[in-house]
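There are 2 protein chains.
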Amino acid sequence: MAGTETSKIPQHRKLYELLRKHIVEGVYPKGSLLPSENELCSTHDVTRPTVRQALSRLASEGYIIKHQGKGSIVRSLPKGIGILSLQGTTSGVGKHNLKTKPISKPYTRKWPEDFPFDLSELELESGCIVLERTRIVDGSPVLYEISYIPNINLPRFTNKSFENKSLFDVMRSNYDIEVIGGNQKIMAILANKEIGNYLNIEEGDPILKLERKLETNRSGYSFYSSIYCNTNNFYLEGSF
Amino acid sequence: MAGTETSKIPQHRKLYELLRKHIVEGVYPKGSLLPSENELCSTHDVTRPTVRQALSRLASEGYIIKHQGKGSIVRSLPKGIGILSLQGTTSGVGKHNLKTKPISKPYTRKWPEDFPFDLSELELESGCIVLERTRIVDGSPVLYEISYIPNINLPRFTNKSFENKSLFDVMRSNYDIEVIGGNQKIMAILANKEIGNYLNIEEGDPILKLERKLETNRSGYSFYSSIYCNTNNFYLEGSF
DNA sequence: GAGTGGTCTAGACCACGCA
DNA sequence: GCGTGGTCTAGACCACTCT
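Protein chains in written order, with the working numbering: chain A, 1 to 240; chain B, 241 to 480.
Shown next as structure tokens:
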């Protein structure tokens with residue numbers, strides 16, 4: 001009744017986000033047991049399948065490990081950069097001091113010629129908005145990310161600020177667009193001068209390159225990222 | 241009643257594997273719709289949550305995309321190497337001609353000094369079995385994988401053949417050990433002479449390195465892999 | 001034996017896409 | 001309006017772990 005804003009969020013998602021927050025904040029320390037599924041049921045007034053959906057997402061993202069007959073054990077927080085899930089590039093970076101710095105204001109352009117994903121007619125003729133940012137962990141640049149967003153029905157987008165904000169958050173709060181899935185290609189390349197500059201490494205150093213496609217709840221609407229990652233001091237981490 | 245061997249496999253898993261096989265074999269071509277969830281229910285005599293569990297795994301591994309109100313659409317088969325899920329390194333390689341070639345027979349040794357994961361007392365004092373293999377796609381080597389398996393209760397393991405067999409299959413069929421989860425670290429490095437040799441590339445070429453930990457249904461029992469990957473012609477692919 | 005997670009049933013209502 | 005997937009309920013039985 002009260003709060004039409006938040007009541008759209010499914011129960012399993014609310015529980016997932018609550019538990020995730022508690023794990024990250026140390027309410028449930030590493031190695032400890034989460035409350036049992038039945039406890040969570042009665043505490044949050046939901047049924048087991050709902051609880052299990054939340055827990056299975058926590059497990060697939062590496063926050064917990066489930067053991068039959070024992071319970072759900074909190075894992076050590078990932079020390080790497082959890083870029084392999086879709087929670088944004090910053091998820092799981094833990095207590096590291098992470099900042100996002102825009103290289104320039106967002107600008108519009110035609111799609112690059114050698115774009116690594118297939119584009120629809122609509123996407124092609126609309127052009128794209130480009131966002132260039134670096135992510136800085138503990139003072140040193142680790143990621144250089146170029147995001148390509150189809151320029152379709154996004155009023156005043158280029159005026160938004162992205163400093164220390166997730167692109168996902170901006171899309172969700174301003175346009176009600178949520179990422180529901182995606183896929184990515186990963187390869188190793190050598191840094192050129194430009195990338196080396198952004199990541200503060202030498203030309204010829206090995207770096208990771210990711211090409212990502214993020215699908216949203218708007219049917220047929222996706223956005224795209226190319227990410228260059230310096231893995232000398234950090235590595236990408238993923239769970240399954 | 242008949243077949244105590246197979247009847248242990250959960251229904252959602254059987255359905256998942258059936259649908260996956262059909263997708264890979266082209267029974268459901270790219271872009272086509274899978275049968276609806278309710279159809280699958282009646283066809284396979286299960287209820288919707290069971291069907292949904294199978295479909296959600298297919299979706300998370302990138303085989304299908306679900307669209308509310310439309311149905312589950314078969315995606316194009318990944319052209320990369322689906323190493324980011326836990327289905328073995330060969331999953332999703334599609335119609336490419338993939339072969340697994342052992343570098344040597346499995347051998348036992350102490351754990352390496354600089355092992356990238358924490359080991360238990362039991363694992364440490366038991367030592368490990370090492371398996372070195374290359375994966376060859378369309379005639380050129382793409383992966384060089386070193387697997388570390390704790391030498392605990394695995395009778396006659398070093399006599400098994402691993403040529404063109406998944407380590408997962410050997411573990412499951414011989415020892416009833418199944419992989420239930422894991423995590424991995426990914427970084428970019430430069431090939432040294434040895435790796436360059438295995439992957440048929442130059443020293444100093446950029447390659448991907450993965451450190452994986454695979455957890456099994458034996459409580460506390462995991463195995464480990466270091467994987468070196470030549471991404472000049474192929475790339476790693478993952479979905480979420 | 002008690003408690004845990006793993007699996008499964010048999011329904012229900014809703015939001016969405018399409019004709 | 002109809003069928004689709006998204007969410008959720010209220011139970012059930014089993015296999016596993018611990019004591």
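Idealized CB from N, CA, C, for every residue including glycine.
Can you list, in chain order, the residues of its chain whose CB lies under 6 Å from that of residue i, leaving out five sequence neighbours each side?
i, result
"threonine 50 of chain A", "Gln11 and His12"
"asparagine 280 of chain B", "It is leucine, not asparagine, that sits at residue 280 of chain B in the sequence shown. Excluding sequence neighbours, leucine 280 of chain B sits near Val291."
"isoleucine 186 of chain A", "Leu210"
"valine 410 of chain B", "Lys400"
"threonine 374 of chain B", "Lys341, Pro381, Tyr384 and Tyr438"
"alanine 294 of chain B", "His252, Leu255 and Tyr256"
"glutamate 277 of chain B", "Arg288 and Val291"
Compare the beta carbon distance of residue i and residue j with 8 Å and say whether it is the shorter of the two.
i, j, result
"glutamate 132 of chain A", "isoleucine 180 of chain A", "no"
"asparagine 393 of chain B", "glutamate 418 of chain B", "no"
"lysine 30 of chain A", "valine 74 of chain A", "yes"
"serine 219 of chain A", "histidine 307 of chain B", "yes"
"leucine 338 of chain B", "isoleucine 376 of chain B", "yes"
"leucine 274 of chain B", "serine 300 of chain B", "no"
"isoleucine 201 of chain A", "asparagine 232 of chain A", "yes"
"leucine 208 of chain A", "leucine 236 of chain A", "yes"
"arginine 414 of chain B", "lysine 453 of chain B", "According to the sequence provided, residue 414 of chain B is asparagine. The question's arginine does not apply to it. Result no, Cβ atoms of asparagine 414 of chain B and lysine 453 of chain B do not sit closer than 8 Å."
"lysine 105 of chain A", "threonine 43 of chain A", "no"
"tryptophan 111 of chain A", "leucine 122 of chain A", "no"
"proline 206 of chain A", "proline 395 of chain B", "no"
For residue i, which residues in the same chain have their Cβ closer than 7 Å to its Cβ, ignoring the five residues on either side in sequence?
i, result
"arginine 349 of chain B", "Gly367, Cys368 and Val370"
"asparagine 432 of chain B", "Glu443"
"asparagine 151 of chain A", "Thr108, Ser126, Gly127, Cys128 and Ile129"
"leucine 58 of chain A", "Tyr16, Leu19, Arg20 and Ile64"
"isoleucine 103 of chain A", "Glu132, Arg133 and Thr134"
"tyrosine 28 of chain A", "His22, Leu34 and Val74"
"serine 222 of chain A", "Lys213, Leu214, Glu215 and Thr216"
Would a check of beta-carbon distances place residue i closer than 8 Å to chain B?
i, result
"lysine 30 of chain A", "no"
"threonine 108 of chain A", "no"
"threonine 134 of chain A", "no"
"threonine 90 of chain A", "With a pLDDT of 48 at threonine 90 of chain A, under the threshold of 50, the modelled position of this residue cannot be trusted, and the question is left open."
"asparagine 197 of chain A", "no"
"serine 12 of chain A", "In the sequence as presented, serine is not what sits at residue 12 of chain A; that position holds histidine. No, its Cβ sits nowhere closer than 8 Å to a Cβ of chain B."
"glutamate 215 of chain A", "yes"
"alanine 188 of chain A", "yes"
"threonine 231 of chain A", "yes"
"isoleucine 64 of chain A", "no"
"alanine 59 of chain A", "yes"
"glycine 181 of chain A", "yes"
"isoleucine 23 of chain A", "no"
"leucine 34 of chain A", "no"
"proline 49 of chain A", "yes"
"serine 225 of chain A", "no"
"lysine 185 of chain A", "yes"
From the DSSP secondary-structure annotation, give me the bridge partner or partners of residue i.
i, result
"glutamate 385 of chain B", "B:Arg373 and B:Ile467"
"serine 459 of chain B", "Answer is none; serine 459 of chain B lacks a bridge partner."
"tyrosine 107 of chain A", "A:Val130"
"valine 419 of chain B", "B:Thr456"
"glutamine 184 of chain A", "A:Arg212 and B:Gly478"
"valine 74 of chain A", "A:Ile64"
"serine 380 of chain B", "B:Val377"
"leucine 338 of chain B", "B:Val377"
"leucine 15 of chain A", "Paired residues: none, contrary to the question."
"proline 150 of chain A", "A:Cys128"
"proline 446 of chain B", "B:Leu430"
"leucine 33 of chain A", "A:Ile73"
If you drop the 5 nearest sequence neighbours on each side, which residues of the same chain put their C-beta closer than 8 Å to that of residue i?
i, result
"threonine 47 of chain A", "Cys41"
"phenylalanine 355 of chain B", "Tyr388 and Tyr464"
"isoleucine 32 of chain A", "Rather than isoleucine, the amino acid found at residue 32 of chain A in this sequence is serine. Closer than 8 Å at the Cβ level, and outside the excluded window around serine 32 of chain A, lie Ile73 and Val74."
Check whether chain A comes within 8 Å of residue i, counting only Cβ atoms and requiring the distance to be less than that.
i, result
"leucine 476 of chain B", "yes"
"isoleucine 386 of chain B", "no"
"lysine 433 of chain B", "no"
"serine 380 of chain B", "no"
"serine 500 of chain B", "The structure shown does not extend to residue 500 of chain B, since chain B is modelled only from 241 to 480, so the question has no answer here."
"phenylalanine 355 of chain B", "no"
"serine 462 of chain B", "no"
"serine 479 of chain B", "yes"
"isoleucine 447 of chain B", "yes"
"histidine 307 of chain B", "yes"
Check your understanding: Any contact of the region 145-159 of chain A with the region 384-403 of chain B, i.e. 3+ C-beta pairs under 8 Å?
Key -> Taking one beta carbon from each stretch, the region 145-159 of chain A and the region 384-403 of chain B have fewer than 3 pairs nearer than 8 Å; the two do not touch.
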